[in-house]
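Chains as they are written, first to last, in the UniProt record's numbering: chain A, 1 to 301; chain B, 1 to 301; chain C, 1 to 301; chain D, 1 to 301.
Just so you know, even glycine gets a beta-carbon here, dropped at the ideal spot from N, CA and C.
Number of protein chains: 4
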Amino acid sequence: MTTVAFIGLGNMGGPMAANLIKAGMTVTVFDLNPAAVQTLTAQGALSAKTACGAAASADVVISMLPAGKHVQSLYLGSEQGTGLLDVVSQNTLLIDCSTIDAATAQLVGQQAAVKGISFMDAPVSGGTAGAAAGTLTFICGGSQDAYSQAQTVLKVMGANIFHAGDVGAGQIAKICNNMLLSVLMVGTSESLQLGIDNGLDPKVLSDIMKVSSGGNWTLEKYNPCPDVMENVPSSNQYQGGFMVDLMVKDLGLSQQTAMASNSSTPMGALARSLYVNHARQGHGKLDFSSIFEQFANQNKK
Amino acid sequence: MTTVAFIGLGNMGGPMAANLIKAGMTVTVFDLNPAAVQTLTAQGALSAKTACGAAASADVVISMLPAGKHVQSLYLGSEQGTGLLDVVSQNTLLIDCSTIDAATAQLVGQQAAVKGISFMDAPVSGGTAGAAAGTLTFICGGSQDAYSQAQTVLKVMGANIFHAGDVGAGQIAKICNNMLLSVLMVGTSESLQLGIDNGLDPKVLSDIMKVSSGGNWTLEKYNPCPDVMENVPSSNQYQGGFMVDLMVKDLGLSQQTAMASNSSTPMGALARSLYVNHARQGHGKLDFSSIFEQFANQNKK
Amino acid sequence: MTTVAFIGLGNMGGPMAANLIKAGMTVTVFDLNPAAVQTLTAQGALSAKTACGAAASADVVISMLPAGKHVQSLYLGSEQGTGLLDVVSQNTLLIDCSTIDAATAQLVGQQAAVKGISFMDAPVSGGTAGAAAGTLTFICGGSQDAYSQAQTVLKVMGANIFHAGDVGAGQIAKICNNMLLSVLMVGTSESLQLGIDNGLDPKVLSDIMKVSSGGNWTLEKYNPCPDVMENVPSSNQYQGGFMVDLMVKDLGLSQQTAMASNSSTPMGALARSLYVNHARQGHGKLDFSSIFEQFANQNKK
Amino acid sequence: MTTVAFIGLGNMGGPMAANLIKAGMTVTVFDLNPAAVQTLTAQGALSAKTACGAAASADVVISMLPAGKHVQSLYLGSEQGTGLLDVVSQNTLLIDCSTIDAATAQLVGQQAAVKGISFMDAPVSGGTAGAAAGTLTFICGGSQDAYSQAQTVLKVMGANIFHAGDVGAGQIAKICNNMLLSVLMVGTSESLQLGIDNGLDPKVLSDIMKVSSGGNWTLEKYNPCPDVMENVPSSNQYQGGFMVDLMVKDLGLSQQTAMASNSSTPMGALARSLYVNHARQGHGKLDFSSIFEQFANQNKK
């Protein structure tokens, strides 16, 4: 029976850990927030006083943290404490599900390799709804062995599991995808508004473009124009979904990556600027499809 | 039996008219180029000395011309001659399949309406291959009656037929779609190159994004990165397909439309600039997926 | 003594005509708005019932109209009436000071040339303040003769008079300049805000960049950040100055020109999108330096 | 008499150190490259075996290094050796003239402050010509005391010395300026090309815009269009001047800064993409005004 240590019990990590418990695994959790820990222990988790305590005897360690600096100090240690790499055995598989910069993932992976420990980055998409339902998408970076070994736990939490390449490749693939998603969303929004401004019904235009060469995920699943689709944030005042602030974070990571590799991403960079303007105008907590409102004519309302 | 007048027998118009003949219709053709006319008469078309001559006794007139000015002078007349609106009867259905500015389509539509004649704009997509195979997409603007009446001929030439709205709406919907397509193509290209620059296999990354939230028509049907897909221009030195120069034309129409309606299309405008730069560097005759090369690192070759 | 016909007495034309009267010229005015005519006749102008009536006996005709279509119908005529080209003599110099598309200016110029009449486009900058003070800038397109002959009247209304080339060149040069101005304004705004976001005093940063390689007209004369300079719109809630809506118009002309010549203007196109978004959010009547607010962090206010 | 330690004797550092020697100061130099050291000792410099050795007894330490990581390890130490902060006295003034990220400058400044040592960032502009002539521009970040104290050495090497704010502010101000410069250069290039494409003489258009509201440093000092100005890189096949690769570096720093402060810089981000594309097409070693060629019509050549 697999024993799992789960570090980081936020909006995503909490329900992910809960699904492992439901699947019958022995899960020891750690989070700085006692309430988050209690929620999980109430569902059957064990708890530990430190991340190292949780990890020491686990077969698999899964971490879900906000940013690269947290991941680095968790695995490599810091002034505040020992890192996991100093306490886990070579039989432990380390899986970081955080969305962070690839450079930090690669640094942790290299240090782990020095000690003969398997590390994999496996950032997710699918949001809190996917975390609760166990239908997340995992994009993995690591060795073929690590990837195979991780299936047991990932399949419990997710519906789609991809192997993008070596350590760090999961992060790269995710930010490539999310950068492209932002471009699809902005491009679809301005195209729909151009149609509306010229008298077209956005529903009709969406139906045409969806099955034509303009077809893309946002038209299929997540139309940004209010009242074209049901059960999407645009038809619910842009509540729920994937927040503008999180898209800004991911676009920042994509641009950091583009600078490190000296890559040119004019569309991604423009999307970031538009999303930052949008957030700065007070819309950071809305769903990211609300970028549609940047193109609407407020004067006509 | 439907009698059709077909005006404009270029790379698209020629095979479209041929399909009507094959379907058993009586087709009278006109083009300024005698060789183009001969090609069609050899397949069974009748020919006329003028466009008006071709149209005078037709049930349906179909035109396929390069630009708005040609369409305007065909239907409204010019110093060179009478316009079709002065010679056809109220029972004739006029269908312009050219890709032109919506304003010209609307002008012709209004003048036709004054005379009680039905006019519809029905720009196509699908390229010369689709024209030959009879699998074009038609995006129609006109009355419900005109749209219904046009089915007989459009179904012979196309596989997908959409009704976008009133006269002009076909042109609007088409340039919205093609503007969005250009954004998908550029965004996909820069995302794939960002992955490549960071060590990812473009085939693996494409496979991941195709079924994730970055999914779009270009990943599905027309991957711009060489050797990811077979039978697409990118795997054939960007030969064939939809030329950069034609995308530049359509993006110019989209920007004209955006200016007339005071709309903001930052992604579409940026895509146009990048495509114009690409064309100006000598790549206007390549397929439009060759924009991928703008992001590749020539220094590494 | 020069006799002048002045057609179009709006916010710009009115004070321009007034300066000609003050300089002792005989000025016959025409405008569709009787109140505008009265304001000028009260200052000594003669009036005419039609534009042709005003122009018939003038040495110089000056027009100042909103858009190309008005200029075209004034000079070439329309269903509403005869054009000036049919009533003026070959000794009359025609000067159009409107900011319009170069194509219309060239069309009028060609028709005038056919009749042996001199026509010059001479769009202005300097705003209503410059019009009142007689310190406008004129950018002229026309023959060397026309340019020389026009000095008498232009010097009364302006302080800087440029000869950009043949007919139409005045319009081209003006929209090149105003497109560049929009880029300077947006670029300066985002650079200042980047400094502010990182703790710099915008006044100190402006002082440094103004005398460094970032130096430009907006830093010198028209700083967009509130309270850096006195007596500019940014220090007066962006009131007065050059309206966002007018910048949107000029950027539209620049993009029309770019499309006609197949030119790539990525910065100008982006500036237009940002200005359109700004106008659509309800800021069209503010001074164009208010684009600065698109970059400010509203969440911090 | 001031004694100076100078660390980093590259294309910029070498001539800067030479000017201090010429001014009669005692200068001890260090560089990993023995040839660079020899060039300076031949001009009267002393040399030291390590950076710490050079700095130990100096009144002022000046460093001129390629990137943030070098600056960090010089001052804070690394696995390879002790940092300067561990060997200099509280009477020593540390001045880093490298162009690096502000975060590293601030980190070094904070560590220095903990030890009671004055540190100032003072990135330069003016290129190798300015370094040789002693006419550089210094943009300083540090305390008022440090700024005053630094005048003695900075005046020997530079003509313009600015105080932008606290430690790090020099770097921020410089990258704000250089980002704005890139926008001026691209915007001016596309505006000139738009004029050329429409028949204007670029010299005439430059003369008009230079004294109009499009006026900026590039039109005044550094016109990007060949043969408009003498003695600028554009009239010398874009040789010399400020390399595209260096502009790409500075634009990368500006974007890193924008991400750290969550700022939106659409023009700067677009300029970076265009410069990266330009570099990737093999033009990285040309002067940065060569971006003009991205807009020229190669098909017409």
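Out of the options, which one is the CA nearest neighbour of residue i?
i: A296 of chain A; options: C:A279, C:S263, C:Q43, C:N297; result: C:A279
i: G116 of chain A; options: A:A42, A:A146, A:S63, A:K22; result: A:A146
i: M185 of chain D; options: D:K155, D:S254, D:G268; result: D:G268
i: M259 of chain B; options: C:P224, C:V276, C:Q43; result: C:V276
i: residue 311 of chain B; options: B:V60, B:G241, B:N223; result: Missing from the structure shown is residue 311 of chain B; chain B here goes from 1 to 301 and no further.
Alpha carbon to alpha carbon, how far is residue j from residue i? Give it in angstroms, no decimals.
i: S47 of chain C; j: V108 of chain C; result: 25 Å
i: T265 of chain A; j: L205 of chain D; result: 32 Å
i: A67 of chain D; j: T99 of chain D; result: 7 Å
i: Q281 of chain B; j: D245 of chain B; result: 12 Å
i: C176 of chain D; j: Q171 of chain C; result: 33 Å
i: G10 of chain D; j: L274 of chain D; result: 28 Å
i: D121 of chain D; j: A36 of chain A; result: 44 Å
i: E230 of chain A; j: K174 of chain B; result: 25 Å
i: M1 of chain B; j: T26 of chain B; result: 8 Å
i: Q110 of chain A; j: G142 of chain D; result: 38 Å
i: P202 of chain C; j: G195 of chain C; result: 7 Å
i: F288 of chain A; j: V124 of chain D; result: 41 Å
i: G97 of chain D; j: Y75 of chain D; result: Contrary to the premise, residue 97 of chain D reads as Cys rather than Gly in this sequence. Those two C-alpha atoms are separated by around 13 Å.
i: L40 of chain B; j: A131 of chain B; result: 14 Å
i: D250 of chain D; j: S234 of chain B; result: 34 Å
i: G134 of chain A; j: G241 of chain B; result: 42 Å
Output yes if chain C places a C-beta closer than 8 Å to the C-beta of residue i; else output no.
i: L200 of chain B; result: no
i: V294 of chain A; result: At residue 294 of chain A the sequence reads Gln, which differs from the Val that was named. Yes, contact with chain C.
i: T135 of chain D; result: no
Which stretch, first to last residue, makes up the alpha helix (DSSP H) that contains residue i?
i: A260 of chain D; result: 244-260
i: T28 of chain B; result: Run containing T28 of chain B: none in the alpha helix (DSSP H); it sits in the beta strand (DSSP E), 26-30.
i: C225 of chain B; result: No alpha helix (DSSP H) holds C225 of chain B; DSSP gives it neither H nor E.
i: residue 305 of chain D; result: Chain D is shown from 1 up to 301; residue 305 of chain D falls before or after that span and cannot be answered.
i: V232 of chain A; result: No alpha helix (DSSP H) holds V232 of chain A; DSSP gives it neither H nor E.
i: A55 of chain D; result: 51-55
i: H70 of chain D; result: 68-76
i: S206 of chain D; result: 202-210
i: S278 of chain A; result: The displayed chain sequence assigns His, not Ser, to residue 278 of chain A. Its alpha helix (DSSP H) spans residues 266-278.
How would you write the range of the beta strand (DSSP E) that residue i sits in, first residue to last?
i: A5 of chain A; result: 3-7
i: D197 of chain B; result: Per DSSP, D197 of chain B belongs to no beta strand (DSSP E); it is in the alpha helix (DSSP H), 169-197.
i: T137 of chain B; result: 136-141
Comparing the C-beta of residue i with each C-beta of chain D, is any distance below 8 Å?
i: Q281 of chain A; result: no
i: Q298 of chain B; result: yes
i: residue 303 of chain B; result: The structure shown does not extend to residue 303 of chain B, since chain B is modelled only from 1 through 301, so no value can be given for it.
i: P15 of chain A; result: no
i: S263 of chain A; result: yes
Confirm, please, whether the CB-CB distance from residue j to residue i is below 8 Å.
i: I208 of chain C; j: I139 of chain D; result: yes
i: W217 of chain C; j: L181 of chain C; result: yes
i: D101 of chain A; j: S263 of chain B; result: no
i: A105 of chain D; j: V156 of chain D; result: no
i: V87 of chain A; j: A55 of chain A; result: yes
i: L20 of chain D; j: L270 of chain A; result: no
i: I62 of chain D; j: V114 of chain D; result: no
i: A129 of chain B; j: F119 of chain B; result: no
i: residue 310 of chain C; j: A18 of chain C; result: Residue 310 of chain C lies beyond the stretch modelled for chain C, which goes from 1 to 301, so this question has no answer here.
Is there a C-beta anywhere in chain A that falls below 8 Å from the one on residue i?
i: A173 of chain B; result: yes
Of all Cβ atoms in chain B, is any one closer than 8 Å to the Cβ of residue i?
i: L270 of chain C; result: yes
i: G187 of chain C; result: no
i: Q255 of chain C; result: yes
i: P266 of chain C; result: yes
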